[in-house]
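With our numbering applied, the sequence shown corresponds to residues 1 to 731, in that order. Glycine residues also receive a C-beta, built at the ideal position from the N, C-alpha and C atoms. For clarity, every value in this text was computed on a predicted model and none was experimentally measured. Right, one structure below, let's go through it.
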Amino acid sequence: MSQNIVPVLLPIPADRPYSYGVPEGMKLVAGDIVAVPLGPRKVIAAMWDGETDDVDPAKLREIEGRFDCPPLDETMRRFVDWVANYCLAPPGMVLKMVLRAPGALMPLEPMEGIVYSGREPERMTKARQAVLELARDGLAWTRSGLAHAAGVSAGVVNGLLDQSVLRRIEIPAPPVVAPPDPDHAVTALSEGQAAGAEALRKAVETDGFSATLLEGVTGSGKTEVYFEAVAAALKKGRQVLILLPEIALTAAFLERFEQRFGSKPAEWHSDVSPKKREQVWRQVTTGEVRVVAGARSALFLPFQELGLIVIDEEHDPAYKQEDRVFYHARDMAVVRASLTGVPAVLVSATPSIESRVNAEAGKYAHIKLAERFAAAELPEIKVIDMRRSGPARNGPTGGGFISLVLIEAMKHTLEKGEQSLLFLNRRGYAPLTLCRVCGHRFQCPDCSAWLVEHRFRRQLVCHHCGHSEPVPEACPECGALDHLVACGPGVERLAEEVLHHFPEARTIVLSSDLMGGVSRLRLELEAIAKGEVDIVIGTQLVAKGHNFPSMTCVGVIDADLGLANGDPRAAERTFQLLAQVTGRAGRTGAASTGYLQSYQPEHPVIAALASGDSESFYAREIEARRQAALPPFGRLASVIISAATRQESEKHAREMRRAASIKELAHGEISVLGPAEAPMALIRGRHRFRLLVHASRRADLQGWLRQWLNAGPKPRGSVRVQIDIDPQSFL
Ligand code: ADP
Ligand code: ZN
């Protein structure tokens with residue numbers, strides 16, 4: 001008897017689907033979600049398409065069951081394959097990101113409802129009377145709700161059920177969010193906004209893929225503009241995915257959405273409870289959820305009627321996942337839009353070089369909003385040359401980190417009843433702690449990183465692995481007591497300095513160390529927006545997207561910080577981050593100023609920020625990338641080798657390098673640099689080496705990498721090899 005054999009993709013790191021038998025009577029289509037045996041385990045997998053391998057019929061195992069849920073459609077399956085192929089990841093590990101909410105596959109249990117059947121009880125009592133008076137309203141009650149409302153025991157309700165005076169019905173589980181109404185509160189747009197909205201609306205109404213870069217200075221109303229594209233997609237009967245880099249912090253975004261569309265979008269990110277996520281997952285497949293606002297992992301939700309993808313703050317590094325499957329959600333979002341045949345809209349005040357180049361080359365449509373909405377002006381940017389006007393000498397510990405100019409500006413701001421923001425991308429009290437007597441530096445035992453003092457918690461903490469130890473009273477090296485000194489500023493230390501200068505001001509420090517997690521952070525951000533805080537000291541958490549109406553003074557404590565690391569995106573990243581930070585100022589019309597404290601004011605990035613001439617910054621940066629054939633004019637892939645010992649790691653890296661000299665594979669279009677010990681040579685006890693592969697745009701980078709990995713040495717023992725296509729981090 002010949003049995004029907006089908007390919008099944010399992011959420012495991014195998015390079016292809018496995019073959020399974022279909023039991024008699026089971027009807028399956030590609031994309032169906034199934035349960036299959038794998039060794040002693042049972043796993044949730046998806047029936048795939050393509051050829052099946054020949055398997056020994058004696059070893060063939062059977063699919064155990066099919067879940068009652070719509071199959072992953074053709075587009076979704078091709079998307080999984082595409083991402084796997086592009087990122088050199090096992091397709092099953094990409095599928096795993098799709099099947100992130102296994103509980104969602106179980107049909108939701110309908111709720112029990114109690115209604116009046118129309119019959120009279122055999123014998124009427126006061127308690128029964130009370131119940132029936134309520135139940136006669138014809139609505140469905142819960143058992144306990146009815147008993148409670150009538151002020152009787154549950155036994156009375158049960159008795160009436162037994163006599164069929166009351167009847168049970170099933171109420172379907174409620175939707176996680178009400179459907180949005182595209183006409184709920186249409187925004188009156190300015191002329192420039194309206195033109196942009198019209199172009200996006202056209203893109204949505206036209207069938208087929210398109211990509212548009214929506215670029216506009218901070219506060220120009222980009223959100224209002226792309227909301228019109230969302231409305232158009234909803235009117236077309238399509239679902240919408242809005243990607244946001246830091247969704248957990250964007251309560252304000254959800255509210256704005258609700259104002260415009262009458263209900264909130266479904267949220268999808270790691271801070272949503274598993275139960276809620278299951279509901280969202282399921283209702284995305286069934287189409288009950290029309291709009292999802294989510295972090296990068298929302299990209300793998302199985303939409304069936306997707307009509308638009310918006311990628312807000314498209315330049316944000318948080319879109320890159322560097323864990324398990326390394327992928328860039330912005331780039332993969334454009335791929336998903338293209339495979340689905342729908343528009344992608346990339347939104348930013350400071351677009352990535354990649355997106356700017358695509359827009360300039362005509363690959364993306366380009367919408368520009370040059371002005372802030374209404375009367376709001378961009379902040380005036382002033383550079384404080386720290387070589388001449390350094391920090392005040394009268395800080396709490398002698399020397400401070402805030403220059404006199406900035407302190408004066410903060411004083412004026414405070415007097416006017418407006419808000420200041422001090423930005424420093426360094427958590428904790430001080431980035432380095434050492435012993436004044438012997439010079440001992442506190443280092444993480446498992447990482448190449450200094451331990452950062454967190455004075456509020458009295459701990460020394462590693463920001464890479466989370467290792468922490470109490471701050472000791474004596475130096476562990478020389479035993480000297482009370483001789484530990486903090487070197488350099490962190491936000492906590494800055495807070496001390498602010499307290500010294502402005503003891504009366506309401507000050508808050510915001511970083512990811514804030515106790516109370518995301519919900520606390522949301523509250524604090526709201527408080528700032530309402531003007532309940534005078535001075536905000538924060539890391540990049542406060543830099544992005546927030547609307548603080550009375551913030552008029554922004555001070556960047558160390559504008560040079562991001563320029564120091566030697567990565568190819570250092571200039572771009574610094575430009576983006578500082579433009580975003582200073583963009584927090586002056587969003588509602590009042591004159592505002594952004595101060596950049598810098599030891600190299602003539603640096604092109606600082607100069608571009610000061611002059612507000614972003615066009616020439618982009619022109620120069622794009623030209624530099626072109627000259628060096630760096631992305632997007634050439635392509636990069638990182639190969640990260642790690643092992644339990646430095647020796648093993650280095651040996652494997654060198655062997656890989658040797659295997660890469662198979663020149664004929666590359667046709668001169670590909671070169672390999674390294675191996676070099678990674679700047680973060682040790683992370684969580686693993687020793688790391690890096691190779692960097694540079695390819696021209698013509699080369700088949702992935703094809704070459706695959707051949708190389710096949711031909712090269714296989715990782716053994718503790719050795720791991722991780723490929724990172726289009727790397728963003730070089731640490
Ligand atoms: P961006 O995302 O470009 O930084 P936002 O979309 O957040 O800008 O808009 C900035 C502020 O201006 C918000 O408070 C927004 O509500 C307001 N705004 C923008 N456009 C309009 C409009 N057409 N009507 C009313 N308010 C607007
Ligand atoms: Zn560590």
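Candidates the options: closest to residue i by CA position
i              : options                        : result
leucine 434    : Asp482, Pro391, Leu424         : Asp482
proline 317    : Asp331, Val310, Val6, Ile44    : Asp331
glutamine 728  : Thr413, Glu354, Ala349, Arg584 : Glu354
leucine 306    : Val22, Pro343, Pro445          : Pro343
arginine 260   : Glu224, Gln279, Glu473         : Glu224
arginine 457   : Ala449, Cys478, Glu492, Gly488 : Glu492
glutamate 215  : Phe326, Asp312, Lys96, Ala14   : Asp312
tryptophan 141 : Val157, Gln129, Val217, Ile557 : Val157
methionine 47  : Asp53, Ala559, Arg66, Asp54    : Arg66
glycine 208    : His315, Thr340, Glu122         : Thr340
leucine 577    : Ala197, Pro351, Ile44          : Pro351
glycine 113    : Gly31, Pro121, Gly151, Arg168  : Arg168
For residue j and residue i, the rounded distance between their alpha carbons
i                 : j              : result
serine 420        : methionine 410 : 6 Å
alanine 711       : proline 379    : 56 Å
leucine 38        : leucine 10     : 9 Å
glycine 262       : leucine 254    : 11 Å
threonine 582     : leucine 636    : 32 Å
alanine 761       : valine 672     : With the chain covering 1 to 731 only, the question about residue 761 has no answer from this structure.
alanine 610       : arginine 654   : 45 Å
proline 91        : valine 204     : 30 Å
glycine 118       : proline 172    : 23 Å
cysteine 87       : isoleucine 528 : 41 Å
aspartate 137     : alanine 147    : 15 Å
proline 675       : arginine 690   : 5 Å
methionine 1      : leucine 308    : Below a pLDDT of 50, predicted positions are generally treated as unreliable, and methionine 1, at 43, falls in that range; the measurement from the model is reported next regardless. In a straight line, the C-alpha of methionine 1 is about 48 Å away from that of leucine 308.
valine 176        : leucine 525    : 25 Å
alanine 404       : serine 389     : According to the sequence shown, residue 404 is leucine rather than alanine. Spanning the two alpha carbons is a distance of roughly 7 Å.
alanine 14        : tyrosine 20    : 15 Å
leucine 346       : leucine 630    : 22 Å
leucine 596       : glycine 586    : 16 Å
leucine 406       : tyrosine 327   : 41 Å
phenylalanine 423 : valine 284     : 39 Å
glutamate 322     : proline 489    : 28 Å
alanine 370       : valine 217     : 6 Å
Heavy atom of the ligand ADP within 7 Å of residue i beta-carbon
i                 : result
alanine 388       : The residue you asked about is not alanine; residue 388 is arginine in the sequence shown. No, since every heavy atom of the ligand ADP falls outside the 7 Å radius drawn around the Cβ of arginine 388.
serine 519        : no
phenylalanine 548 : no
glycine 216       : yes
threonine 552     : no
serine 348        : no
leucine 189       : yes
glutamine 722     : no
glycine 219       : yes
threonine 433     : no
phenylalanine 373 : yes
arginine 330      : no
glutamate 224     : yes
glutamine 732     : No answer is possible for residue 732: it lies beyond the span of the chain, which begins at 1 and ends at 731.
arginine 584      : no
arginine 260      : no
arginine 201      : no
Closer than 7 Å: residue i CB and nearest the ligand ZN heavy atom
i             : result
histidine 467 : yes
histidine 464 : yes
alanine 637   : no
alanine 449   : yes
aspartate 446 : yes
Beta-bridge pairing of residue i - partner residues as DSSP gives them
i              : result
glycine 634    : Ser696
methionine 111 : Ile171
lysine 42      : Pro37
proline 391    : Ser403
tryptophan 469 : The displayed chain sequence assigns glutamate, not tryptophan, to residue 469. Glutamate 469 pairs with Leu460.
glutamine 722  : Ile640
Residue i: CB within 7 Å of a non-hydrogen atom of the ligand NAP
i           : result
leucine 451 : Judged by which ligands are present, the ligand NAP is missing from the structure shown, whose ligands are the ligand ADP and the ligand ZN.
Next item on the list: At 4 residues or longer, and completely inside the region 204-256: list those alpha helix (DSSP H) runs for me, N to C.
Entry: Taken in chain order, the complete alpha helix (DSSP H) segments of 4 residues or longer contained in the region 204-256 are 222-235.
Next item on the list: Please specify which runs of the beta strand (DSSP E), each continuous and at least 3 residues long, are wholly inside the region 560-624, giving them in chain order.
Entry: For the region 560-624, whole beta strand (DSSP E) runs of length 3 or above, ordered along the chain, are 593-598.
Checklist line | Entirely enclosed beta strand (DSSP E) segments - the region 486-537, minimum 3 residues | finding: Those beta strand (DSSP E) runs which fall completely within the region 486-537 and span 3+ residues are 507-510.
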